[in-house]
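Protein chains in written order, with full-length UniProt numbering: chain A, 1 to 304; chain B, 1 to 304. Every residue gets a Cβ at the ideal spot worked out from N, C-alpha and C, and that includes glycine. From a predicted model like this one, the values you see are computed outputs, not experimental measurements. Take a look at the structure below.
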């Protein structure tokens, strides 16, 4: 019916999110050639029918589509070098779904353009289970001309697309703004619930009241539950990745020459967690640092 | 049917919230004697059928019920002096709906007990329009024995009651935790949306995405809209009142000997707004201070 449903799609980067998204694409009838630096992450997808590439260059043929979901800015810039961009070539599309800084997105977009490749930024909101179920929220920006060919992929991976125009950086700024709001909500609940606990008030009762009324939305309900129960493993999104995103938020604020005092506070909170070796728990575990500071640490918890 | 529907209820404190709550009680069939320091606030209620008292002592007869919705801790402690408590007397109930500090609540509860009066804390969540419509969220704690007589009043004023046990202070801690979460959300949106704006991204599009997905709840939707549109008047809840609540949060944290870094940040933000004469706009106007700091002030706005 469409080009994308008959042609093979390249998929680079098979972390927790990438694996779920790639599996979902296969399930929706797309042919995939997948690549990941550590090959063992390819196994499940190979069993589901994906071909496995030995190098990024093998994931895409001239004018094709390649999707990436890599860990950070450096990984995307390293993988999408001139050789790969030349391979994708004129008329090709790179659907870049990682959370990147806006400056990186602009730099990548220019380099892609020089090779005739459309760079489409599409960072996502949602945890690995949402990725696997095709229930991500997609935050899209890039050349409109590329949109139609991408639609079947977007439909398979997301429950909704929000478009932010032609400039890819806009989608990345929006994604960073969203992750900043989430980290801020974790911080606020961490402080509020430890205040309740220190005053002898049942934090889970406070959580119930607030998330059934003013804050009846997924972030407060789900993340707040993890905070109250102190269940920070297994991680849906690691504290280390959250720290990276907060660095991107702070970099974006500095680039725009504006202060973000709450981002600064959160940046320090993340660094304390990394400094004390807690980078691999879920980022809701920021609340553990607050409990520790409040003298509540060690009374319960599942952060080990 | 119940005692409260046949006996007259005292109501002290007719600010924006108190007027709405009292009007709603009258509409629900309750007889009220109202008192407010400035008498002009009593006029609309008198027209609706309330009797107007010249002194707090006239609002309640022995063993009766008096409701209060006053501006701050000092006002409640001043009005509910030994003379008034003696007047209420054994078997009487004070339904105290103001946002107070937990230490004040405990002190008041003890003084009430000495006069045989049940002190029931019931701070509320909701803006004046919700008060007028009987759609408040009620946060209740105090002697269980008083609960049955209060139920018809609670039913008239609220769309739901969350109970926090026998100790009134617990309800006040919970209310402060909630207001702290709201102020934190305002701060987070203020920073996030100014980041978007400085990067040339339409803040209202970012707001749409986030409040239709992860943050699909009233606080983010309604307060975020005010922030994006910079509509901070007329105030639903003034910045000055928010500053008072943040002081109560910080006092409660100090009393419990625990840091709340985000509360400290917010406390300073509130003080900057008061210092620059902006105490009478809505507390979503905290975001105006962030825009100013980001060099975005004066480009639009309705804070005058």
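Against chain B, the CB of residue 283/A has no partner CB under 8 angstroms away; the residue lies outside that interface.
As the crow flies, the alpha-carbon of residue 239/A is around 30 angstroms from that of residue 222/B.
Taking all protein chains shown into account, residue 274/B has fewer than 16 neighbouring C-beta atoms within 10 Å of its C-beta and is therefore exposed. Inside the segment 8–42 of chain A, DSSP marks whole alpha helix (DSSP H) runs of 4 or more residues at positions 16–27, from first to last along the chain. Under the three-state reduction of DSSP output, residue 94/A falls in the strand class. With 16 or more other Cβ atoms inside 10 Å of its own Cβ, residue 187/A counts as buried. Residue 190/A holds the alpha-carbon nearest to the alpha-carbon of residue 286/A among 85/A, 218/A, 190/A, 231/A. Proximity to residue 116/A across 123/A, 65/A, 90/A, 267/A peaks at 90/A, based on C-alpha coordinates.
In the DSSP assignment, residue 119/B falls within the beta strand (DSSP E) that extends over 118–121.
Linking residue 113/B to residue 119/B through their CA atoms gives a straight-line distance of about 7 angstroms. Listed in chain order, the non-local C-beta contacts of residue 56/A below 6 angstroms within the same chain comprise 12, 35, 79, 84, local neighbours out to five positions each way being set aside. Unbroken alpha helix (DSSP H) stretches of 4 residues or longer found wholly inside the segment 151–198 of chain B: 168–198, given in chain order. Residue 245/A is not bridged by DSSP to any residue. The C-alpha of residue 216/A lies about 21 angstroms from the C-alpha of residue 232/A. Using a Cβ-Cβ cut-off of 8 angstroms, residue 17/A does not count as an interface residue toward chain B, since no Cβ of chain B sits closer than that to its own. By the Cβ criterion, the segment 67–77 of chain A is in contact with the segment 9–23 of chain A, since at least three pairs of Cβ atoms, one from each stretch, lie closer than 8 angstroms.
Assignment of residue 282/B by DSSP, reduced to helix, strand and coil, places it in the strand class.
Proximity of residue 194/A to chain B, defined by a Cβ-Cβ separation below 8 angstroms, is satisfied.
A check of alpha carbon separations from residue 24/B across 50/B, 37/B, 40/B identifies 50/B as the nearest.
Closest in C-alpha terms to residue 263/B, from the list 247/B, 143/B, 272/B, comes 247/B. Closest in C-alpha terms to residue 153/A, from the list 250/A, 208/A, 94/A, comes 94/A. Collapsing the DSSP output to three states places residue 138/B in a strand. Residues of chain A whose Cβ lies closer than 9 angstroms to the Cβ of residue 178/B are, in chain order, 192, 206, 209, 210, 213, 214, 215. One finds 257, 258 in chain B with Cβ atoms closer than 8 angstroms to the Cβ of residue 295/A, taken in chain order. DSSP places residue 201/A outside any alpha helix (DSSP H), giving it a letter other than H or E.
For residue 7/B, the closest of 205/B, 260/B, 92/B by C-alpha to C-alpha distance is 92/B. Under the three-state reduction of DSSP, residue 232/B is assigned to coil, being neither helix nor strand.
Within 10 angstroms of the beta-carbon of residue 184/A lie 16 or more other beta-carbons, which makes it buried.
Relative to residue 228/B, the option among 234/B, 174/B, 197/B whose CA is nearest is 197/B.
The beta carbon of residue 122/A is closer than 6 angstroms to those of 95, 97, 138, 140 in its chain, skipping five residues each way along the sequence. Cβ neighbours of residue 170/A within its own chain (closer than 7 angstroms, five residues either side excluded): 141, 164.
Setting aside the 5 residues that flank it on each side, residue 106/B is surrounded in the same chain by 169, each with a C-beta closer than 6 angstroms to its C-beta; the list follows chain order. Across the set 219/A, 212/A, 166/A, the C-alpha of 166/A shows the shortest separation from the C-alpha of residue 201/B. Straight-line spacing of the CA atoms in residue 77/A and residue 244/A works out to 16 angstroms.
In the DSSP assignment, residue 213/A is bridged to no other residue. For the C-beta of residue 88/A, not a single chain B residue is nearer than 7 angstroms; the gap to the nearest is close to 27 angstroms.
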